[in-house]
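Trainee:
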Amino acid sequence: MFLSHFIGDIHQPLHVGFTTDRGANEIEVRWYTRKQNLHHVWDSNIIETAEERYYSSDTDGLVDAIQQNITNDWAEEVKGWETCSSTKPPCPDIYASESIAAACQWAYKGVSEGSVLEDPYFLSRLPTVNLRLAKGGVRLAATLNRIFM
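Residue numbers (the UniProt record's numbering): 1 to 149.
1. Considering only the beta carbon of each residue, do L62 and W42 sit closer than 8 Å?
2. Since N69 is in the alpha helix (DSSP H), which residue starts that stretch and which ends it?
3. With the cut-off set at 8 Å, would you say F122 and T19 are in Cβ contact?
4. Rounded to whole angstroms, how far is the Cβ of N130 from the Cβ of N72, which I believe are closer than 8 Å?
5. Could you have a look at R146 and say whether DSSP puts it in helix, strand or coil?
6. Roughly how many angstroms lie between the CA atoms of N45 and E51, to the nearest whole one?
7. What's the call for K135, buried or exposed, on a 16-neighbour Cβ count within 10 Å?
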């Protein structure tokens, strides 16, 4: 359980965000009309909004869509996600580096205290959230395969 939690956490960009704002926990924003902190937006709100809007609040529909992307759209990249190089097993430093880059490029960009985050933010960030979820799932599976095979 801890392993799956840790691998999931390291793929959430703000879990490796800046210490000065505690990974965006101290940046208060509005997610549409709800007051939230930016960290919570990335932990929950973007995913929940996608589930409600595109999958009738069905988590399985979102999971199926991500699995289809892994199988089809990202199929050629999956092998690279599973390893750091051709000779090394998965590496958390790579995952963290990807996440902080995503935090800077997507999570923090254009956001300040009191920002109202609506469709432009949601629609432009959802592909990054889906990609981070996919990479986390593939890497967790690869790690578990190495442990138990």
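Each residue gets a CB set at the ideal place from its N, CA and C atoms; glycine is no exception.
Mentor: The short version:
1. no
2. Counting along the chain, the alpha helix (DSSP H) containing N69 begins and ends at T59 to T71.
3. no
4. A Cβ-Cβ distance of about 13 Å is found for the pair N130 and N72, leaving them out of contact under the 8 Å criterion.
5. helix
6. The alpha-carbon atoms of N45 and E51 are separated by roughly 10 Å.
7. buried
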